[in-house]
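In our numbering, the protein residues as written are 14 to 263.
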């Protein structure tokens, strides 16, 4: 399995080199599949598996980035997945994808040397932002209702105000690559996981670090909030999951 995403509807997407399988978690059964090589006439986009995936907030769409730089979006709410969007956004591997909270935009972050973050309007298919601020691969991106953030192999996090996309705030604190970032459900807090084995907590209003969660013995590579918004889960290369109650180490 090369990439995994879980939707708010309880559907998990599992990607291998040529196909994405959609499974209902509650019933543990396959409910659909997407052939990655069957929708493109671009020879560079064929025979290349998914490297990043994300479901829209309502679970109705699935964004997929590939190692060829192809960004695609499918409608997955119906009986058969329907390709809505396809764009050769990057010259090489896409390392991260994300939907805006209103499902109107889709973003993709690339692997160095094409370490740009590109944001597209799904209705008009137009490129609306071309962010060239990071100096290395963009490993994670995330939207809140008011901000957009990216974490990179350059050890930095950059945060933009969605109302203007002026010069970003730069959050420094990690001493190694930033593997994963996630906004809290209310958008007031950003959490980041790094190769330095810690999870850092950032206040969005002040753009200051508010706390550090320690305990992992290796790089922290994944983060997720519980549905009740009260628990943060971190996953690490040390094979451990750690559960943090909201408000800890504020």
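Built from N, CA and C at the ideal position, the CB exists for glycine as well.
Would you kindly check if the distance between the Cβ of residue j and the Cβ of residue i is under 8 angstroms?
i: residue 156; j: residue 114; result: yes
i: residue 19; j: residue 35; result: no
i: residue 171; j: residue 147; result: yes
i: residue 131; j: residue 120; result: yes
i: residue 80; j: residue 48; result: no
i: residue 84; j: residue 102; result: yes
i: residue 247; j: residue 212; result: yes
i: residue 188; j: residue 209; result: yes
i: residue 294; j: residue 66; result: For residue 294 there is no data in the structure shown, the boundaries of the chain being 14 and 263.
My output table needs one value for residue i: the three-state DSSP class, helix, strand or coil.
i: residue 227; result: coil
i: residue 103; result: coil
i: residue 268; result: The first residue shown for the chain is 14 and the last is 263, placing residue 268 beyond what the model contains.
i: residue 204; result: strand
i: residue 194; result: strand
i: residue 215; result: strand
i: residue 114; result: coil
i: residue 89; result: coil
i: residue 209; result: coil
i: residue 250; result: coil
i: residue 35; result: strand
i: residue 122; result: strand
i: residue 69; result: coil
i: residue 79; result: strand
Since residue i and residue j should fall inside the 8 angstroms C-beta cutoff, what is the C-beta to C-beta distance between them, to a whole number of angstroms?
i: residue 204; j: residue 152; result: That belief does not hold up - the Cβ atoms of residue 204 and residue 152 are roughly 14 angstroms apart, past 8 angstroms.
At the level of alpha carbons, what is the spacing between residue i and residue j?
i: residue 30; j: residue 17; result: 13 angstroms
i: residue 90; j: residue 45; result: 10 angstroms
i: residue 232; j: residue 50; result: 33 angstroms
i: residue 198; j: residue 241; result: 9 angstroms
i: residue 96; j: residue 236; result: 28 angstroms
i: residue 112; j: residue 162; result: 12 angstroms
Under 8 angstroms between C-beta atoms, does residue i make it to chain D?
i: residue 236; result: No chain D is present in this structure, which holds just one protein chain.
- Query: Along the chain, which unbroken stretches of the beta strand (DSSP E) at least 3 residues long are found entirely within the region 124–178?
  - Reply: 130–134, 140–144, 151–156, 160–165 and 170–174
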